[in-house]
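Contents: one structure, followed by commentary.
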């Protein structure tokens with residue numbers, strides 16, 4: 036049983052935490068995602084699936100957690116056309132240029148002017164829980180795990196906690 | 036300890052995966068839902084609660100996962116009037132007839148023209164985690180587990196992973 | 036191993052359920068939140084983090100569940116300006132005064148006229164899963180756990196299920 040901290044999202048090296056008790060395994064990892072645009076969707080399914088395979092967990096769950104307020108994790112199809120539609124919907128639902136208080140120096144000390152990013156991430160969500168069976172991530176036909184950069188470009192961290200019974 | 040795959044959502048027979056280690060139990064099942072309309076909300080609470088009761092888990096969690104991009108799972112009250120309001124809100128937030136790229140043959144090979152279904156499911160969510168205590172699903176007074184068909188009618192699958200300590 | 040029920044959200048006393056098997060611990064608690072306004076966001080991070088610390092769980096997850104249809108739990112920054120923006124967005128997306136069927140006595144026996152509260156809570160979500168490592172809640176730099184009262188003022192209950200390996 037080895038343990039090392041994975042709390043600090045700012046850490047450059049991939050932090051891995053693991054613990055086992057009886058047949059139960061809990062393993063925490065972080066995936067780093069370097070984004071290139073202000074608003075961008077990235078498919079991380081293969082990285083999450085590989086990470087699940089690298090643990091001993093055979094039956095259990097994978098909890099994904101975005102380590103940032105303006106970075107979301109959710110599920111959908113990975114298709115450029117649909118990703119353009121998702122970005123357009125986010126822009127329609129949350130107008131970047133409305134007079135948000137979070138962007139107003141009279142009410143906020145945030146100089147990123149990123150109220151839209153906070154609100155859009157809130158609608159997509161920061162937490163996703165998937166299943167593991169026979170040591171593999173469970174996904175339907177078109178399902179992909181996506182992360183959404185909403186105030187990039189930046190280096191982002193997705194935390195992955197795999198928990199279950201070792202096979 | 037028995038194990039059988041529950042990965043393939045297309046399987047006709049109910050697939051059950053289970054594994055135990057010490058007092059820990061992980062059990063995976065799939066619920067099949069036959070929908071009748073293009074957009075439809077269905078209450079699956081009693082089926083999820085019965086499934087929880089059928090496991091040996093006394094204290095733990097139940098993770099629900101929609102096996103489809105255009106099929107969501109979420110919690111709300113089960114009332115026809117409110118369900119009509121939910122459908123109306125989804126229609127207002129995501130216009131089916133907007134010129135979505137996912138529906139445009141120049142950008143997409145999807146012939147279902149279901150961009151609205153992808154976007155609406157994304158807003159409702161595909162993952163829900165509930166609690167089990169004393170062997171029962173924990174729910175507040177008006178709370179019901181609902182699934183949302185957004186591109187039916189079709190046969191849909193909800194995956195249910197129960198994980199916890201056997202009583 | 037001690038067990039006591041935490042199912043009934045209406046219970047006045049804090050109900051705690053716990054069970055252990057090998058090194059695995061499952062502990063259920065309820066946090067009561069007294070709200071003061073109809074729509075209000077409240078930061079419960081410190082209470083959740085203290086609760087995690089009070090368990091023996093070293094590596095695992097924390098599942099948060101709102102015990103009410105019109106009360107949500109989600110993650111975002113805790114800043115008054117941003118909270119005003121979130122309330123404004125909810126008001127824009129879901130008009131309180133639209134002719135919702137849930138508020139119409141011809142279609143509904145609900146006399147709270149709170150369709151907007153149901154719909155807004157649905158968009159924010161009722162379930163959030165966080166990670167525990169080294170006995171501490173894992174949070175990024177600006178991340179706070181928020182609950183949203185959408186039909187207050189009322190006394191509300193958030194259920195907290197901590198599950199993992201004791202340290």
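Chains as they are written, first to last, in my numbering: chain A, 36 to 202; chain B, 36 to 202; chain C, 36 to 202.
The beta carbon of each residue, even a glycine, is placed where N, CA and C say it ideally should be.
As the structure is a computational prediction, the values presented were derived from the model and not from experiment.
The Cβ atoms of residue 94 of chain A and residue 167 of chain A lie closer than 8 Å to each other. DSSP places residue 102 of chain C in the coil class of the three-state scheme, outside both helix and strand.
When A/64, A/114, A/149 and A/75 are compared, the shortest CA-CA separation from residue 82 of chain A is found for A/64. Between the alpha carbons of residue 186 of chain B and residue 90 of chain C lies a distance of about 44 Å.
CA-to-CA, the gap between residue 177 of chain B and residue 74 of chain C works out to about 19 Å.
When only Cα atoms are considered, residue 151 of chain A and residue 180 of chain B end up about 30 Å apart. With its beta carbon less than 8 Å from one in chain C, residue 128 of chain B belongs to the interface. Around the beta carbon of residue 127 of chain A, fewer than 16 other beta carbons lie within 10 angstroms, which makes this residue exposed. Check the Cα spacing between residue 147 of chain A and each of A/132, A/174 and A/98: the tightest is with A/132. Closer than 8 Å to the CB of residue 69 of chain A there is not a single CB belonging to chain C. With its beta carbon less than 8 Å from one in chain C, residue 154 of chain A belongs to the interface.
Identification of chain C residues near residue 75 of chain B by a Cβ-Cβ cut-off of 8 Å yields none; the smallest Cβ-Cβ distance measures about 16 Å. The three-state reading of DSSP puts residue 113 of chain B in coil, since its state is none of H, G, I, E or B. Taking a Cβ-Cβ cut-off of 8 Å, the neighbours of residue 139 of chain A in chain C comprise 116, given in sequence order. Separation of residue 115 of chain C and residue 175 of chain C (C-alpha to C-alpha, rounded to the nearest whole angstrom) is 19 Å. Counting C-beta atoms within 10 angstroms of its own C-beta, residue 190 of chain C has fewer than 16 neighbours from the protein chains shown and is therefore classed as exposed. The Cβ-Cβ distance between residue 162 of chain B and residue 164 of chain A falls below 8 Å. Looking at A/139, A/202 and A/113, the one whose alpha-carbon comes closest to that of residue 77 of chain A is A/113. Of all residues in the segment 152–182 of chain C, the ones placed with a Cβ closer than 9 Å to any Cβ belonging to chain B are 153, 154, 156, 157, 158, 160, 161, 162, 163 and 164, in chain order. Looking at the backbone, the Cα of residue 118 of chain A and that of residue 67 of chain B are separated by about 29 Å.
Secondary structure of residue 143 of chain B (DSSP, three-state): coil. Taking C-beta atoms as the reference points, residue 107 of chain B and residue 55 of chain B fail to come closer than 8 Å. Neighbours of residue 102 of chain A in chain C, taken as residues at a C-beta separation under 7 Å, are given in chain order as 175. Residue environment: residue 196 of chain B is assigned as buried (16 or more neighbouring CB atoms within 10 Å of its CB, all protein chains considered).
In the DSSP assignment, residue 198 of chain C is bridged to C/61 and C/96.
Per DSSP, reduced to three states, the secondary structure at residue 84 of chain A is helical. In the three-state reduction of the DSSP assignment, residue 127 of chain C falls in the helix class, which pools H, G and I. One Cα belongs to residue 99 of chain B, the other to residue 193 of chain B, and the distance between them is close to 7 Å. Membership of residue 183 of chain A in the beta strand (DSSP E) is indicated by the continuous run 179–184. Judged by their CB atoms, residue 202 of chain B and residue 96 of chain B are not nearer to each other than the 8 Å cut-off. At least one beta carbon of chain A lies nearer than 8 Å to the beta carbon of residue 98 of chain B. Within the same chain, 53, 90 and 197 come within 6 Å of residue 62 of chain C by CB-CB distance, once the 5 residues on both sides are set aside. Nearest neighbour of residue 123 of chain B by Cα position, chosen from C/125, C/136, C/124 and C/120, turns out to be C/136. Using beta-carbon distances, residue 187 of chain A does not count as an interface residue toward chain B, since no partner is under 8 Å. Residue 200 of chain A reaches chain B at 54, 55, 56, 59 and 61, counting residues in chain order whose Cβ is nearer than 8 Å.
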